[in-house]
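J.: In my numbering, the protein residues as written are 5 to 68.
Using N, Cα and C, we set each Cβ at its ideal position, and we do this for glycine too.
A quick note: this is a predicted structure, and the numbers were derived from the prediction, not measured.
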């Protein structure tokens with residue numbers, strides 16, 4: 005799904021940027037050589053980065 009029509013950025017692009025270590029939407033966009041243009045996608049992009057980063061966190065219960 006296209007999240008940013010100004011830069012033609014898809015959901016999987018933003019999630020991949022989060023997996024590469026981008027901590028917020030601005031960093032994700034910068035990693036793709038983009039900036040927010042109209043910024044109508046900013047909230048959703050931020051949510052996607054946060055969601056992907058949360059999904060990456062695993063808890064080692066055997067270490068507790």
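Enumerate in chain order the residues of its own chain whose CB-to-CB distance from residue 19 is below 7 Å, with the five nearest sequence positions on each side excluded.
T.: So the qualifying residues of the chain are 52 and 56.
J.: Report the partner residues of residue 45 according to the DSSP bridge assignment.
T.: Partner(s): none; residue 45 has no beta bridge.
J.: Taking the alpha carbon of residue 47 as the point to measure from, which residue in 60, 36, 61 and 28 has its own alpha carbon closest?
T.: That would be 28, whose Cα lies nearest to the Cα of residue 47.
J.: Hey, quick one: how far does the alpha helix (DSSP H) through residue 6 stretch, first residue to last?
T.: Looking at the DSSP string, residue 6 is not in any alpha helix (DSSP H); the run it does join, the beta strand (DSSP E), is 6 to 8.
J.: Using DSSP with H/G/I as helix, E/B as strand and the rest coil, what is residue 14?
T.: Correct three-state label for residue 14: strand.
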